[in-house]
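> Residue numbers (our numbering), protein chains in the order written: chain A, 20 to 132; chain B, 20 to 132. Each residue gets a CB set at the ideal place from its N, CA and C atoms; glycine is no exception. Below you'll find the structure I mean.
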DNA sequence: TTCCGGTATACTGCTTTACGTAGTACTGAG
DNA sequence: CTCAGTACTACGTAAAGCAGTATACCGGAA
């Protein structure tokens with residue numbers, strides 16, 4: 020992966036995972052596969068698991084372990100209230116950021132106020 | 020600045036600066052001020068200068084020093100052919116990335132193919 | 001005139017943080 | 001026993017940002 024993309028992803032994978040979990044609980048391995056389906060978001064498990072731990076530690080996710088009939092028990096993660104709020108804020112910021120960048124591309128900022 | 024934003028910006032500031040320079044040459048201090056005008060892109064000079072050095076070292080920018088009547092000489096940066104190509108690619112990637120994230124938010128990826 | 005403070009302009013060292021590679025480990029089915 | 005499913009960790013790397021440095025010019029005070 021180009022080094023730029025690696026850098027660009029910082030913070031972004033966390034953002035993606037939180038957005039994914041808005042659709043309902045999921046576990047690491049499944050999240051990983053969901054992300055594989057979008058070319059620009061392909062990641063490895065060593066990226067996903069640390070993010071999940073971090074988000075849990077910070078109170079954005081909660082875990083519930085459930086047995087799997089096809090492997091070790093799954094750790095299902097779901098958003099806490101704090102987590103839902105966080106995604107909201109992140110989505111807002113992401114939108115603004117995109118607007119900013121669009122402005123930047125259109126013309127020098129300040130030329131349109 | 021929230022730590023998330025700091026991380027999110029990795030790779031992004033470089034992207035922004037290259038896009039800015041598509042409008043014509045500019046020097047560090049001026050680039051800095053152009054970015055200040057967009058709330059989400061406010062940055063300090065200690066972020067901008069290293070990026071400019073890096074981009075020059077990698078052949079994406081070229082420099083031309085010109086005297087200033089109000090301070091030390093300015094180092095004007097402008098895109099090289101390679102640089103122009105790079106911005107192009109980055110913009111494409113950025114567009115795809117946004118699509119991917121939009122998909123992620125709409126529904127679990129894979130549910131719409 | 002000389003000095004001084006402020007602004008324009010440029011740079012660097014060090015810290016912090018997240019992604020990614022590589023490696024480990026355990027469970028259940030065939 | 002091997003393979004897929006599932007989870008985790010150690011370590012290296014690279015970019016953003018804080019804090020500090022340095023130089024050129026200008027306008028006002030002494």
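#1: Please tell me whether residue 54/B and residue 80/B are closer than 8 Å, where the distance is taken between their beta carbons.
#2: How big is the Cα-Cα spacing for residue 89/B and residue 57/B?
#3: Between which two residues does the beta strand (DSSP E) containing residue 90/B stretch?
#4: For residue 107/A, which residues in chain B fall below 7 Å Cβ to Cβ?
#5: Are residue 65/B and residue 96/B closer than 8 Å when you measure CB to CB?
#6: Consider the Cβ of residue 44/B: report whether some Cβ of chain A lies at a distance smaller than 8 Å.
#7: For residue 126/A, which residues in chain B fall below 8 Å Cβ to Cβ?
#8: Distance, Cα to Cα, residue 94/A vs residue 107/B?
#9: With the cut-off set at 8 Å, would you say residue 38/A and residue 59/B are in Cβ contact?
#10: 8 Å is my cut-off, CB to CB: does residue 50/B come that close to chain A?
#11: Looking at chain A, is there any beta carbon in it that lies within less than 8 Å of the beta carbon of residue 57/B?
#12: Where does residue 68/B fall in DSSP's three states?
#13: Kindly list the residues whose CB is nearer than 6 Å to the CB of residue 84/A, restricted to its own chain and excluding five residues on each side of it in sequence; keep chain order.
#14: Closest to residue 101/B by C-alpha separation, out of 21/B, 74/B, 28/B, would be which residue?
#15: From the beta carbon of residue 119/B, is the nearest beta carbon of chain A less than 8 Å away?
#16: If you check the beta carbons only, do residue 26/B and residue 30/A fall under 8 Å apart?
#17: Relative to the C-alpha of residue 63/B, which candidate in 124/B, 28/B, 105/B, 76/B has its C-alpha closest?
#18: Note down, in chain order, every chain A residue with its Cβ under 7 Å from the Cβ of residue 31/B.
#19: Can you list, in chain order, the residues of its chain with a C-beta nearer than 7 Å to that of residue 68/A? Leave out the 5 residues immediately preceding and following it.
#20: Quick check on the DSSP output: the beta strand (DSSP E) that includes residue 80/B runs from which residue to which?
Taking the definition as stated:
#1: no
#2: 25 Å
#3: 90 to 98
#4: Those do not exist, as residue 107/A stays about 12 Å from chain B at its closest Cβ, beyond 7 Å.
#5: no
#6: no
#7: 42
#8: 41 Å
#9: no
#10: no
#11: yes
#12: helix
#13: 92, 94
#14: 74/B
#15: yes
#16: yes
#17: 28/B
#18: 27
#19: 47
#20: 80 to 87
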